[in-house]
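These notes are about the structure you will find just below.
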Amino acid sequence: MSVVLLIGATSAIGASLVRALATQGNELYLVGRNAERLAGVVEDAKLRGSKVIASMPVDLADLKNCEELKQWISAISEVEHAIILPGVLSDELGTLAQWSQDVMVNFTVPSFLARTISEKMSSQSEGGHLVLIGSVAGDRGRQSNGFYGSQKGALEIYAEALRHRTALKNCKVKVSFVKPGFVVSPMTAELKKNVLFSEPDQIAKKIVSLFSRGRSGVVYAPGWWRLIMLLIKLTPNFIFHRTRL
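In terms of the numbering used here, the sequence shown opens at residue 188 and continues consecutively.
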């Protein structure tokens, strides 16, 4: 049994993670955007045998809420595992205001919270394991989701910086960055489904396994996305620029 902090508990993957973590009997601290859905997730976790220590509804696009969340996290006595997975799909033709808010939710706030949590874990004698959720969209700039992919790519670079920072401190903190491919969720509701789509439970299982394996670094979910994205990254521009990816 471990103490787990999950930020993004009301998303499709988040709810699946809560079910998986609750079944293991972990003690949970849960954060989600929608208060009503969060209450339902908390109740479900309790029915599955988990002890939900505390929960907090937060809109990560609100700076005041984020400062309150930082204080809430700092007050937790010890966090063994933490998962940060908020995200919104950006409109490639969005307004400046929309794009600014997207960056807050997809990059700025997750990075700020990751720094806060990694610093907390660095002060713990047994360290901890921090997992950030990105996307395969961040592997190469593509016309279909260039702005969203740029934010996820930036988040991956920051996760790498945190691994560097914790390594220099010689502390027992692991930082993982998980890149899911297409996932069946409200975010992808308008996309036509095919064999490349995964269910949220599949992604949750992959994430939870990182804690028992103690694995740091970059992880694709499912693993075969690593080969797909390698091929996309290696495609020469004179071919790539003729595609509609």
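We put the beta carbon where it would ideally sit given N, CA and C, even for glycine.
- Judged by DSSP secondary structure, E343 falls within the alpha helix (DSSP H) whose first and last residues are G333 to L355.
- Between L217 and S242, the C-beta spacing is below 8 Å.
- Residues of the same chain with a CB within less than 6 Å of the CB of A346, apart from the 5 flanking positions on each side, are L319, V362 and F364 in chain order.
- The three-state reading of DSSP puts A269 in strand, counting E and B together.
- When C-beta atoms of the region 224-240 are compared with those of the region 405-424, fewer than three pairs fall below 8 Å, so the two segments do not count as touching.
- For L215, the uninterrupted beta strand (DSSP E) segment begins and ends at E214 to G219.
- The C-alpha of V395 lies about 7 Å from the C-alpha of L208.
- A residue is called buried when at least 16 other Cβ atoms come within 10 angstroms of its Cβ; N381 does not meet this threshold and is exposed.
- DSSP places K307 in the uninterrupted alpha helix (DSSP H) bounded by V296 to S309.
- Spatial neighbours of S298 in its own chain (CB-CB distance under 6 Å, excluding positions within 5 residues in sequence) are listed in chain order as Y345.
- The continuous beta strand (DSSP E) containing G315 extends over residues G315 to I320.
- In this structure, S385 and G368 form a Cβ contact; the two beta carbons are roughly 6 Å apart against a cut-off of 8 Å.
- Counting along the chain, the unbroken alpha helix (DSSP H) around P387 starts and ends at P387 to R400.
- Per the coordinates, the alpha-carbon of M188 lies some 43 Å from the alpha-carbon of A284.
- Judged by their CB atoms, V228 and G219 are nearer to each other than the 8 Å cut-off.
- Measuring C-alpha to C-alpha distances from R350 to each of E306, P373 and R400 identifies E306 as the nearest.
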